[in-house]
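Asker: Protein sequence lines correspond, in order, to chains X and F.
Counting from 18, one number per residue, gives the positions in the first sequence under the working numbering.
Counting from 40, one number per residue, gives the positions in the second sequence under the working numbering.
Cβ atoms here follow ideal geometry from the backbone N, Cα and C, with glycine treated the same way.
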Amino acid sequence: MSPDPDLRRALRFGLRPGRWTVLAWAAVAVVLAAAPFLLNNYQISTLSRMLVFGLLAISATLLTGVTGLPTLGQAAYFGVGAYTAAIVARDVTAIGPVQVLLAAVAAAVVALFTGTLATRARGVPFLMITLAIGEIAHSAATSWSSITRGSDGLSGIPRVVPLPGMSELRLDGLVYYYVLVMAALAYLLVRALVRSPYGLVLRGVRDNEARLRAIGYPTGRYVLAGFTVAGGLAGAAGALLVSVQRFVSPGDVGFSVAAVALLAAIIGGVGSLPGAMAGAALVVLVRDYIGTDLGGRGPLLVGAMFVAVVYLMPQGLAGLGHQLRRWFSWRRRSTPPPAGAPSSAEPETTPDDPQPSVGSDRSAT
Amino acid sequence: MTTESTNAVALHDITVRFGQLTALAGVSLEVPAGQRRAIIGPNGAGKSTLFSVIAGTRRPTGGRVLVDGRDITSLPVHRRVDAGVVTTFQHSSLFLRETVLENVLLAVARRARVAHRWFRPAGAYRDLLDHSATLLARVGLAGREALLAGALSHGERRQLEVAVALAAQPRVLLLDEPAAGMSPAETDRLGQLIRGLPADMTVLLVEHDLDLVFDLADEVTVLHLGEHLATAGVAEIRADENVQHAYLGTADVDELFFEETS
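Okay, here's the thing in structure tokens:
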């Protein structure tokens, strides 16, 4: 019996993105590129922060959604990255990518050491350990004042220089473009990870870790590697935050930041990278933008939104596209006759298909 | 040592206690390479416990486990897989949120040593995909590759379970009640599949379907209340009075009924 000539259709991320997915990404790219011409300074720096928290949410998603380990510790590695980048920027170089790289490495190293402890646990104990790591990091940021200057924070950070030979970025719009490019690169890196054999292993940990061991995987090592990568990613996000606000204080390492990351990951939809980005954008929008008009009741609104999403959209924002698509194709189907029904390149599962396959879960890209 | 090295699996005086309960009381077994060995016995005989000791999910209280003459008693599960010992599970244990193909691919990728790589997408490993599909075809799941494992029927999950185990390239394959809950037709196909396994693969089988057991096994080991009762060829086991008493011809109808539904 000869195997199927193209088996990639049987992989979750095996096929090329469908037409609508490509169009959606193109639209997002156009909007993001045009944003500095349409928004004022405060709005554009809010958008930059959305990207930063989007990366942080992706690092939380890598653990929470992909690997199945809900975490409240990502603010710790975010903070390690932010302080590292701030010190590098102040004392060594204003070149952004160098700051990001060193911040990521520092955060990954810290994640590797703390992860050897945390990744022995699973589920709620893991959540509690990561919460403790976050609190310790917050305490360290507050009290290790010889390095962090305590609750005053590190200020006077020079403007970022995107590449050697370029001048420093003086406009918020240009800083935004720098953050956008760096975030896009990091996003592509994580996207590759999720689609690779290693990404499949992490999903295997989420699904059935005992079985994974029984086919020969030392799962602890794989989880620790994932924890380290997620930590490095959070560190890179921290470095970008420093480029945006040119200031870092213990408030950037606190529980509220960790909670935002986890909320964004859950609102986005389990394991979905674009979902995590969108979730972070929504949380930042509600907290920093709409919330300011409500006299500091932003967190309350974020909480209400979280409850609403969990109840109304159990698959999160990532499931929204799928829900809409089902709804549209149901409408299309019910309008007779479906002559010349668009033959989309992707084999979509029809709403009446009783057997779930990967086709029905494509939105989780 | 010479006898140990000729045996694919050798158990020396395996004892497992759970508190006061002794699940296995000094069981010793030797399974020559390439043999199909069935392990039978009433419920509570210790069959599954014995399997978990060989597979490494449970440490014995006492005794030693040797595979190809090498002591693996203290090896963790994943190292035993490297040593060639692979188990299927009594209750299907799969990656239900991944596709059928991805279930097999996970085991294939580990053997091919690409599971730690993350710059190429999984879809780029065409030879591994083909190999996974071949294994699926072998267990009768051709054409089901793109389904989520959670969408398979019970019988199909049992088949996938076997495909995943084979993908891990076992030299010693432990099948824990592979026919549980299968229809007669599915059991037939499973029998053919097991018969068709490479002759040098050692197969240990715990199974309640005695027709299947007597059809497949070269030798049968009978456990009773955690002790080794007999090991012999199929004909002798069927004729053995002790075995009849302990298991086959038990007068206790309730117990028989209990076994068959478990």
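When you compare each of F:GLN208, F:THR138, F:VAL48 and F:PHE253 to ALA151 of chain F by their alpha carbons, which one comes out closest?
Answerer: F:GLN208
Asker: Who does HIS193 of chain F pair with in a DSSP beta bridge?
Answerer: BP columns for HIS193 of chain F are empty, so no partner.
Asker: So, is the C-beta of LEU328 of chain F closer than 8 Å to a C-beta in chain X?
Answerer: Nothing about residue 328 of chain F can be read from this structure; chain F reaches only from 40 to 301.
Asker: Select from the stretch 259 to 278 of chain F all residues with a C-beta closer than 8 Å to any C-beta belonging to chain X, and list them in chain order.
Answerer: none
Asker: Counting only beta-carbon atoms, is ALA27 of chain X nearer than 8 Å to chain F?
Answerer: yes
Asker: Taking 7 Å as the limit between beta carbons, can you name the residues of its chain near ILE146 of chain X, skipping five residues before and five after?
Answerer: Excluding sequence neighbours, ILE146 of chain X sits near LEU134, ALA135 and ALA138.
Asker: My understanding is that LEU174 of chain F touches VAL143 of chain F, with C-beta atoms under 8 Å, so please give their C-beta distance in whole angstroms.
Answerer: 6 Å
Asker: Below 9 Å between beta carbons is the criterion; list the residues of the stretch 136 to 163 of chain X that meet it against any residue of chain F, in chain order.
Answerer: none
Asker: Output yes or no for whether 8 Å exceeds the beta carbon distance between GLY248 of chain X and TYR94 of chain X.
Answerer: yes
Asker: List the residues of chain X whose Cβ lies closer than 8 Å to the Cβ of SER132 of chain F, in chain order.
Answerer: ASN225, ALA227, ARG228 and ALA231
Asker: Chain F partners of PRO235 of chain X, CB-CB under 7 Å?
Answerer: HIS117
Asker: What's the call for GLN59 of chain F, buried or exposed, on a 16-neighbour Cβ count within 10 Å?
Answerer: exposed
Asker: What in chain X is Cβ-close to PHE158 of chain F, meaning under 8 Å?
Answerer: ALA209 and SER213
Asker: Measure the alpha-carbon distance for LEU133 of chain F versus SER163 of chain X and round it to whole angstroms.
Answerer: 52 Å
Asker: Mind pulling the chain F residues with CB within less than 8 Å of GLY31 of chain X?
Answerer: PRO160, ALA161 and GLY162
Asker: What is the DSSP secondary structure of GLU258 of chain F, counted as helix, strand or coil?
Answerer: Of the three classes helix, strand and coil, the one that applies to GLU258 of chain F here is strand, per DSSP.
Asker: Between GLU363 of chain X and chain F, is there a C-beta pair that is closer than 8 Å?
Answerer: Only weak support is given to the placement of GLU363 of chain X: the predicted model assigns it a pLDDT of 38, under 50, and the value that follows is read from those uncertain coordinates. By this cut-off, GLU363 of chain X is not an interface position.
Asker: Beta-carbon of VAL122 of chain X versus every beta-carbon of chain F: anything under 8 Å?
Answerer: The beta carbon of VAL122 of chain X sits no closer than 8 Å to any beta carbon of chain F.
Asker: Hey, would you say LEU244 of chain F sits closer than 8 Å to ALA72 of chain F, going by beta carbons?
Answerer: no
Asker: Is the Cβ-Cβ distance between HIS263 of chain F and GLY80 of chain F less than 8 Å?
Answerer: Cβ atoms of HIS263 of chain F and GLY80 of chain F: closer than 8 Å.
Asker: Taking 8 Å as the CB-CB limit, is VAL218 of chain X close to chain F?
Answerer: So, interface residue.
Asker: Rounded to whole angstroms, what's the CA-CA distance from ALA282 of chain X to PHE264 of chain X? Just pull it up for me.
Answerer: Between ALA282 of chain X and PHE264 of chain X, the C-alpha separation is close to 25 Å.
Asker: Note down the Cα distance separating ALA251 of chain X from PRO114 of chain X, rounded to an integer number of angstroms.
Answerer: 15 Å
Asker: Distance, Cα to Cα, ARG103 of chain F vs VAL116 of chain F?
Answerer: 15 Å
Asker: Just to confirm the assignment: which complete beta strand (DSSP E) runs, minimum length 3, are found wholly within the stretch 118 to 192 of chain F?
Answerer: 124 to 126
Asker: Could you check what DSSP says for THR241 of chain F in three-state terms: helix, strand or coil?
Answerer: strand
Asker: How about LEU32 of chain X and GLU184 of chain F: do their beta carbons lie closer than 8 Å?
Answerer: no
Asker: Based on the DSSP output, what are the partners of GLY272 of chain F in its beta bridges?
Answerer: In the DSSP assignment, the residues bridged to GLY272 of chain F are F:GLU258.
Asker: Considering only residues of the same chain and omitting the five flanking positions on each side of SER260 of chain X, which have a CB-CB separation below 7 Å?
Answerer: GLY113, VAL177, VAL192, TYR195 and VAL196
Asker: List, in order along the chain, the chain A residues whose C-beta lies closer than 8 Å to that of GLY221 of chain X?
Answerer: Looking at the structure shown, chain A is missing, and the protein chains on hand are X and F.
Asker: Can you check whether the CB of VAL273 of chain F is closer than 8 Å to the CB of VAL259 of chain F?
Answerer: yes
Asker: Can you name the residues of chain X whose CB is closer than 7 Å to the CB of HIS155 of chain F?
Answerer: TYR215
Asker: At a CB-CB cut-off below 8 Å, which residues of chain X make contact with LEU140 of chain F?
Answerer: LEU24, ALA27 and LEU28
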